[in-house]
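A short worksheet on the structure shown next.
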Amino acid sequence: MSMSENNNEISKEDWELYHLAIRNMDIATCEACAVSNAIGIREAIAYKGWSTYIFTRLCSHAKALIAATPISRWSKREYEYWDITAIAPHTRALMEGEILFYYLSKTPVSQDEWSAKLNVMHLNDCIKRMEITTSDEFKSGLSYYAEQRDEITARLNGNSYFQSLDSSTIKRCLAGKALTIQPRDVLLIDMGVSPKDFKRLFDLLSHYTHILPMSFYRMEPNGRGTGCLNETDFHYMCLFLSLCTEILTRCTDIIVDLFPDVKNKRKGLKSKVSIGPKPRK
């Protein structure tokens, strides 16, 4: 037993569950990264190609998460940091990233539907860039994005699928406020995920991603919220490692369905990862 595990508040059975959670997340991360590396840069139908971008970001957050997880082989350090803040932002990113990945990876019913989905995302990105462009950058930045906004809007106004949507959806999308045509809850239901359960976990993680009351109201000296090993953060770690394993496994299943030739790259801890620990023999 390591010094980290010498804590009377945490039972041997809970430690075994924690090590299992780390192992499962390790396997999921190795397989996802190996599959992503194998796909590489290749010509693919548009919706499949865009899906690989989202999947790459999912892999990045998965690697960052497991590297920040205490007692993980993905990083070497002289001490362990047991605050849930270490993995909360990455857990949250994986939760919302799965929704976008699911949305983009679905086979479109028509070219117009795909064009509408892509241009709504483009418009959202364009408006966000305009919002963070300062007045000093007007000539080189803001004017360019304003032209892009008008071009994208024109494409959407000429898209039969987009124009068939209800007026409130069209208005929301044209304002650049929507990343996806369907609202989050509609996509979650389609994915088989309870919107209420998602919101509860997502809001909890938000408190630790940002500095909100739930993250500091119950701090304890040398305990909860300090980075020292404690029962609360320990069990949060177990919970969110398991959640992220499920998310990453589902997403890897989808990307392998899109690119079946990379299926044989899923070899558990033996999977080859370009940036990460050596494969287990």
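Okay, so the sequence shown: first residue is 15 according to this note's numbering, each after it adds one.
Heads up, the beta-carbon is just placed ideally off N, CA and C, and yes, glycines get one too.
If you're wondering where the values come from, they're calculated on a predicted model, not measured in any experiment.
Residue j beta carbon less than 9 Å from that of residue i
i      : j      : result
Pro293 : Cys73  : no
Ile53  : Ile269 : yes
Ala46  : Ala78  : no
Gly111 : Ile68  : yes
Cys187 : Leu132 : no
Met109 : Ile261 : yes
Ile362 : Phe176 : In the structure as shown, the chain starts at 15 and stops at 295, and residue 362 therefore has no counterpart that could be examined.
Asp204 : Tyr116 : yes
Rounded C-alpha distance that separates residue i from residue j
i      : j      : result
Leu253 : Asp164 : 45 Å
Thr266 : Leu202 : 18 Å
Asn51  : Val287 : 8 Å
Ala48  : Cys258 : 17 Å
Trp128 : Tyr95  : 44 Å
Thr83  : Tyr32  : 11 Å
Gly239 : Arg169 : 50 Å
Arg264 : Asp180 : 31 Å
Lys90  : Tyr250 : 22 Å
Ile59  : Ala102 : 34 Å
Ala160 : Val123 : 31 Å
Met12  : Ala130 : As displayed, the chain neither begins before 15 nor continues past 295, which places residue 12 out of reach and without an answer.
Thr194 : Glu27  : 43 Å
Thr121 : Val200 : 17 Å
Lys93  : Cys242 : In the sequence as presented, Lys is not what sits at residue 93; that position holds Tyr. Taking the straight line joining both Cα atoms gives about 10 Å.
Asn38  : Arg198 : 28 Å
Gly237 : Tyr231 : 13 Å
Leu114 : Trp29  : 34 Å
Gln196 : Val207 : 15 Å
Asp217 : Glu57  : 38 Å
Pro209 : Leu34  : 28 Å
Ser285 : Lys279 : 6 Å
Gln162 : Leu215 : 36 Å
Ile55  : Pro235 : 50 Å
8 Å CB neighbourhood of residue i in its chain, flanking five on each side removed
i      : result
Ser86  : Ile36, Asp40 and Ile80
Tyr70  : Strictly speaking, residue 70 in this sequence is Thr, with Tyr absent from that position. Taken in chain order, the residues that qualify are Ser50.
Ala189 : Ile141
Ser174 : Asp126
Residue i - DSSP class collapsed to helix/strand/coil
i      : result
Trp128 : helix
Met144 : helix
Gln162 : helix
Lys120 : coil
Asp97  : coil
His224 : coil
Met233 : coil
Ala192 : coil
Val134 : helix
Ser285 : coil
Ala48  : helix
Glu260 : helix
Cys242 : coil
Asp247 : helix
Glu209 : The sequence shown places Pro at residue 209, rather than the Glu named in the question. Residue state, collapsed to three classes: helix.
Cβ-based neighbour list, residue i, same chain, cut-off 7 Å, excluding 5 preceding and 5 following
i      : result
Thr66  : Ile53
Ile24  : Glu245 and Phe248
Leu272 : Lys62, Ser65 and Ser119
Thr105 : Leu79, Leu219, Phe254, Leu257 and Cys258
Val276 : Val49, Ala52, Ile53 and Val270
Ala192 : Val134, Asn138 and Arg186
Leu156 : Met144 and Thr147
Pro291 : Arg87 and Trp88
Same chain only: Cβ atoms within 6 Å of residue i, ignoring 5 sequence neighbours per side
i      : result
Ser229 : His221 and Tyr222
Gly282 : Ile41
Thr314 : There is no way to answer for residue 314, as the model of the chain reaches only from 15 to 295.
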